[in-house]
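Following this line, the structure appears as structure tokens:
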């Protein structure tokens, strides 16, 4: 499994340390174990989980670099985190970020709290609806929050500096023209091209 994880990330341009590979391996094992009871992901094959969850989450890193975002020491909130995507892979890879995972489903919150212990990483789980969170974060990211028109205001309210929204292959002109978002095109080997919408708030 370690070889598979290392090779998939390496081919996509992400060099992982042995410690990173080990953490992604533990993540994979725990996700599959919890998934048998709690249905955290529809993906079953190791390679699919590694590519479509772990690697896909790191497409944000390329967008951060493209936009010239300084993430070191900053607070990052993953809104609608689910089983930890994209927040946990970002934490494993970037390390020096203050991570908050916002998730309203209690069984998913339990998994995220347990995962923190297993990975020996530090983050804060906010087990509540995003609308109820009254803290601001330097950078807000989201991957699976529903229709963009319905969620962008919630994300902007939580963000101090930047909002990043992973939108897959969908890109509407009104998001760019009317809502004033920019788009990174994520082109990572082993994944279909996708878009990340972003906005700088100040």
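Residue numbers (my numbering): 3 to 204. Backbone N, C-alpha and C define an ideal beta-carbon position, used for all residues, glycine too.
Inter-residue Cα distance where the pair is residue i and residue j
| i | j | result |
| --- | --- | --- |
| residue 55 | residue 74 | 23 angstroms |
| residue 38 | residue 134 | 30 angstroms |
| residue 36 | residue 114 | 11 angstroms |
| residue 148 | residue 60 | 20 angstroms |
| residue 98 | residue 77 | 10 angstroms |
| residue 198 | residue 89 | 15 angstroms |
| residue 50 | residue 43 | 11 angstroms |
| residue 122 | residue 204 | 34 angstroms |
| residue 110 | residue 84 | 6 angstroms |
Of the listed residues the options, nearest to residue i (C-alpha basis)
| i | options | result |
| --- | --- | --- |
| residue 58 | 149, 5, 109 and 14 | 14 |
| residue 96 | 130, 115 and 72 | 72 |
| residue 167 | 60, 11, 150 and 174 | 150 |
| residue 193 | 4, 6 and 10 | 10 |
| residue 2 | 161, 163, 162 and 178 | Missing from the structure shown is residue 2; the chain here goes from 3 to 204 and no further. |
| residue 129 | 112, 195, 116 and 119 | 112 |
| residue 157 | 104, 50 and 5 | 104 |
| residue 140 | 28, 16, 201 and 24 | 201 |
| residue 171 | 47, 186 and 181 | 186 |
| residue 125 | 183, 4, 144 and 93 | 93 |
| residue 165 | 173, 196 and 69 | 69 |
| residue 138 | 173, 86, 18 and 102 | 102 |
| residue 16 | 3, 34 and 62 | 62 |
Counted within 10 angstroms of its Cβ, other Cβ atoms place residue i as buried (16 or more) or exposed
| i | result |
| --- | --- |
| residue 79 | buried |
| residue 91 | buried |
| residue 154 | buried |
| residue 82 | buried |
| residue 188 | buried |
| residue 132 | buried |
| residue 108 | exposed |
| residue 119 | exposed |
| residue 31 | exposed |
Run of the beta strand (DSSP E) containing residue i, from where it starts to where it stops
| i | result |
| --- | --- |
| residue 186 | 184-188 |
| residue 196 | 196-202 |
| residue 126 | 125-128 |
Endpoints, alpha helix (DSSP H) assigned at residue i
| i | result |
| --- | --- |
| residue 11 | 4-13 |
| residue 175 | 175-179 |
| residue 34 | 20-40 |
| residue 153 | 150-160 |
| residue 106 | Counting along the chain, residue 106 falls outside any alpha helix (DSSP H), and DSSP gives it neither H nor E. |
### Task
Would you list, in sequence order, the uninterrupted alpha helix (DSSP H) runs of no fewer than 4 residues that lie entirely inside the segment 42-100?
48-51, 61-69 and 89-96
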